[in-house]
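Its first residue numbered 1037, the sequence shown is counted upward by one per residue in my numbering.
For every residue, glycine included, the Cβ atom is placed at its ideal position computed from N, Cα and C.
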Amino acid sequence: MPLTIYTSNRMEALVEQLCAVVEPPLSSPFVPETIVVQSRGMERWLAMELAKRLGIWANGSYPFPNAFVWSLFRAALPHLPDQSPFDPAILTWRIMDLLPRLLPEPAFGQLRGYLAGEDRELRLYQLAARIADTFDQYTVFRGDLLTAWETGRDQQWQARLWRALTADSPGTHRGAVRDAFLKQLAGGRLPAGVCPERVSVFGISYLPPFHLEIFTSLARLCPVNLFVLSPCREYWGDIVSPGARARMTPERRQQAVEGHPLLASLGKPGRDFSSLILACDDLSGGERDLYAEAPGETLLAAVQNGILTLDEADGTPRLVRVDPGDRSIGIHSCHGPMREAEVLHDVLLAMFEELPDLTPRDIIVMTPDIETYAPYVAAVFGGGQDQQRRRIPFSIADRSIRCAGGAADTFLAILDLPLGRFPVTDVLDILETGAVHRRFGIDEAGLEQIRSWVEATRIRWGMDENERRAAGLPAYRENSWQAGLDRLLLGVAMPDEEGAMFGGILPHDAMEGDGPVLLGRFIRFVEALDRVRRDLVRPRSLEGWTATLRGILADFFNPDDATALERAAVGRIVDGLGELGAGSGF
């Protein structure tokens, strides 16, 4: 079976070739076409492009590299669990469980010092997470190091910890599983149906040797096609920037080349991947170059073609005649993110005016930090009613769940309550979240009434005097939640007699209409929040935390359509805690 690598500087050329590869049907319409991608954005773009070019596109499977490789391992080695015990998420909890038992050993002296003092459990979790991520990188990039550790070489703490982890789960980390898989593959002992009928790897900017070796070996059983976007048709693995070259040893400096400045300064991952591909010793399908020069005489085309052909490989700048009206490359200096979004909007409107065939789906806008720009993009591109005529359709991808709406951030705010003194600002911020006040039957008008009550009764912080006493402060009741709620309740129970006191408490103004009903709902919310924050300080297992957090979602967030997707996403994360507990045995 062939392993074929297609390289091009044009994504449209690669997707055209992908169409030619996947157009011949597989053995059955129910067999999925496997295309390994690096992001969900690439998945959506590919699906649209394939449908546009082929007329119809269905039953495509788009796994990420790690998920695809592990699915192969599990199909070939049925004894493997659904999720590896060396997955960083599970490994973190395994290390948390194991590390305290190893700390008395001399090799762990540095870690003992780090974990001494306050917040030990938090430090232990953070340290375990960092170690788990490092070990995961070792399995991909330093398998030789792990093999040496497993044979007893080296007695430093990382080696000792790794041997303890592998003793608990022998033969299940990625390096060992890869070796077992490759041994079965080489001996022709893979069960039937393990390999897909055809595999394509598209748009991935870098694959480590671990994954590349799997795809190379897999090509013995099924066609494997790698579609690689590369800006240069020449070999550019030795190109380095002047600064990097100056830091090299004299021997290494003789091999390095100062080539195109953009390739030298921004192309390191591409250079490394190019060298790995050239090192593949089994390209049975060969390499197919699909390079093409950028059309036209614009400044952008000149830059692209200069990179393509390494015109500046000798370090001499290439002189290009540029039309004064050329706008293929533009640089805009703005005083802030809001102004940047406004300028982008105006530039895109001008482009749509000048290029009738241009559509919004043809445009991608990239930014180094989408969370910073997302509110400004939404404000500018969302527009008001007076801007609907020139509104540009848009969507914002790759946002954190905390920034996608209000439910996730409010959920975390509830979990943070035990760290504070139950201040009025935090409580009202939680209540003002739409899903929360709807859950307790409070509308926007009711929120305004509640704010006025809180201000009038001077509620500031703390549930009552007992909480203040526990914090080491004088046990006074004034300005606490209980003092304010007592005044409000007396305002419902007693007639309106200005200045009349009851039991040393001054009732708030008498309430009429729906006031008592609203007050009851508000008190139910405050008391529920107080119960939760008191309960959250109690230690529990990961399975126990799953039940507790599920209860918070059910008790405080309204299950309506407005927050259904966000609540479902938070629910999946919460359920994952229970799965981590079961998988790690913590």
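The three-state secondary structure of residue 1412, taken from DSSP, is helix. DSSP places residue 1170 in the uninterrupted alpha helix (DSSP H) bounded by 1156-1177.
Short of 7 Å from the beta carbon of residue 1128, and not among the five residues preceding or following it, lie these beta carbons of its own chain, in chain order: 1164, 1165 and 1168. Within the segment 1093-1168, the complete alpha helix (DSSP H) segments of 4 residues or longer fall at 1101-1112, 1124-1138 and 1145-1151, listed in chain order. When beta bridges are read from the DSSP output, residue 1236 appears opposite 1071 and 1261. Using a C-beta cut-off of 8 Å, the segment 1040-1048 makes contact with the segment 1253-1268, since at least three inter-stretch Cβ pairs fall below that distance. Cα atoms of residue 1426 and residue 1406: separation of roughly 24 Å, rounded to the nearest angstrom. Looking at the DSSP output, residue 1323 shares a beta bridge with 1041. Inside the segment 1442-1526, DSSP marks whole alpha helix (DSSP H) runs of 4 or more residues at positions 1443-1452, 1460-1467, 1470-1475, 1480-1492 and 1501-1506, from first to last along the chain. Nearest Cα to residue 1171 within the set 1143, 1249, 1201 and 1571: 1201.
A straight-line Cα-Cα distance of about 21 Å links residue 1380 and residue 1360. By the Cβ rule, the segment 1269-1276 does not count as touching the segment 1234-1243, because fewer than three pairs are nearer than 8 Å. In its chain, beyond the 5 residues on either side, 1554 have a beta carbon closer than 7 Å to the beta carbon of residue 1485. Residue 1055 sits away from residue 1110, with the two beta carbons spaced by 8 Å or more. For residue 1341, the uninterrupted alpha helix (DSSP H) run begins and ends at 1335-1345, by DSSP. At the C-beta level, residue 1096 and residue 1071 come within 8 Å of one another.
Bridge pairing for residue 1430: absent [DSSP]. Separation of residue 1411 and residue 1232 (C-alpha to C-alpha, rounded to the nearest whole angstrom) is 43 Å. Residue 1415 and residue 1076 have their C-alpha atoms roughly 25 Å apart.
In the three-state DSSP reduction, residue 1541 falls in the strand class (E or B). Counting every other CB atom within 10 Å of its CB across the protein chains shown gives residue 1569 a total of 16 or more, marking it as buried. Non-local C-beta neighbours of residue 1561 in its own chain, meaning closer than 7 Å and more than five positions away in sequence, comprise 1467 and 1476, ordered along the chain.
In the DSSP secondary-structure assignment, residue 1406 is not bridged to any residue. The alpha-carbon separation between residue 1595 and residue 1235 amounts to approximately 41 Å. Only residues of its own chain outside the window of five on either side were considered, and among them 1253 have a CB closer than 7 Å to the CB of residue 1218, listed in chain order.
In terms of Cβ geometry, residue 1524 and residue 1497 do not form a close pair [threshold 8 Å].
For residue 1618, the closest C-alpha among the options 1103, 1119 and 1601 is that of 1119. For residue 1278, the enclosing alpha helix (DSSP H) stretches over residues 1278-1282. Taking the C-beta atoms as reference points, residue 1622 is found nearer than 8 Å to residue 1133.
For residue 1175, the CB contacts under 8 Å within the same chain, skipping 5 residues up- and downstream, are 1122, 1182, 1209, 1210, 1211 and 1246 in chain order. Here residue 1471 is near residue 1443, since their CB atoms are less than 8 Å apart.
In this structure, the beta-carbon distance from residue 1082 to residue 1073 falls below 8 Å. Contact annotation: residue 1250 and residue 1105 have beta-carbon atoms nearer than 8 Å.
Collapsing the DSSP output to three states places residue 1367 in coil. The beta carbon of residue 1356 lies closer than 6 Å to those of 1338 in the same chain, with the five residues before and after it left out. If you draw a straight line from the Cα of residue 1521 to the Cα of residue 1567, it comes to about 16 Å.
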